[in-house]
Structures are given as structure tokens and as C-alpha cells.
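Novice: Handing you a structure now.
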Amino acid sequence: MIRVTRLNGEHFALNPDLIERVEGHPDTVVFLVDGTKYIVREGVDEVLDEIREYRASILATAYAMDRGTYRTTSGPSPVSPAHPADDAPRASVVPFPAREER
Numbered sequence: 001m002i003r004v005t006r007l008n009g010e011h012f013a014l015n016p017d018l019i020e021r022v023e024g025h026p027d028t029v030v031f032l033v034d035g036t037k038y039i040v041r042e043g044v045d046e047v048l049d050e051i052r053e054y055r056a057s058i059l060a061t062a063y064a065m066d067r068g069t070y071r072t073t074s075g076p077s078p079v080s081p082a083h084p085a086d087d088a089p090r091a092s093v094v095p096f097p098a099r100e101e102r
């Protein structure tokens, strides 16, 4: 999700995969694929930078997961319902298997 700001100052997040186009008329208008329009404070270039950074972060996370180096930074994972005790194992990310050379 990318964070943008309405003209009234309200912050909200948009799924960049649903953005069809962004136009500056002088106000920046974000058009979604379902026809919804949002007028935002950020300029066209800022919205495009947010989208680029969002997509780059997904690729970087996938790369880290593939190499087995991905670690969450948001603290401990929630306890799974199968292990409700505090000393139970926490959920963890399992890296993708290594790719074989052809």
C-alpha cells in the first residue's frame, strides 16, 4: 500500500496495483481501475515515487526470502492458534528452496 493525503489533510492508503493512472490538473488525481477517483496533495512525481518504492520493497523482500535472509522488523509474530502457550514456538518465515543450476 502507498500512503497519500486528501486535500483536507486526511491520510489514507491505496493499493498501487489498482491505480490505472495519475494526472496533475493542477490537483493530482489518482484514478483506480474501478473508476474511483481520489484528489491528493502529493504531486504526480511523488505518487509515482511511492509506487516505485512499494514495488521495489516487494522485490527486495522476495529476494531476501529466496536467500533465506528475510527477518521481520515488527517484533515477535503472533502465536498461532495451534500453540496458545507463551512459550510455544512462534510462526517463522521459511525461505524458498534454492534454485538448481541448469
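For the sequence shown, position 78 matches number 78 in full-length UniProt numbering, and the numbering has no gaps at all.
The beta carbon of each residue, even a glycine, is placed where N, CA and C say it ideally should be.
Remember, it's a predicted structure, so these values are computed and weren't measured experimentally.
My parser needs the beta strand (DSSP E) runs of 3 or more residues fully inside the stretch 14-81; what are they?
Specialist: At a cut-off of 3 residues, the continuous stretches assigned as beta strand (DSSP E) that sit fully inside the stretch 14-81 are 19-24, 28-32, 37-40.
Novice: Please report how far the alpha carbon of residue 5 lies from the alpha carbon of residue 70, in whole angstroms.
Specialist: Position 5 of the sequence shown, counting from 1, holds the residue named residue 5. Position 70 of the sequence shown, counting from 1, holds the residue named residue 70. Cα-Cα distance, rounded: 31 Å.
Novice: With 16 as the cutoff for other CB atoms within 10 Å, does residue 40 come out buried or exposed?
Specialist: On the sequence shown, residue 40 is found 40 positions in, with the first residue counted as 1. Under the 10 Å beta carbon count, residue 40 is surrounded by 16 or more other beta carbons and is classified as buried.
Novice: Could you spell out where the beta strand (DSSP E) holding residue 3 opens and where it closes?
Specialist: Taking the sequence shown and counting its residues from 1, the one referred to as residue 3 is at position 3. 2-5 is the extent of the beta strand (DSSP E) around residue 3.
Novice: Once the 5 residues before and after residue 11 are set aside, which same chain residues still bring their CB inside 7 Å of it?
Specialist: Working through the sequence shown from its first residue, we reach residue 11 at position 11. Same-chain partners within the cutoff: 3, 5.
Novice: Going by Cα to Cα distance, which pick from 24, 47, 67, 61 is closest to residue 104?
Specialist: Look at the range of the chain in this structure, 1 to 102, and you will see that residue 104 is not part of it.
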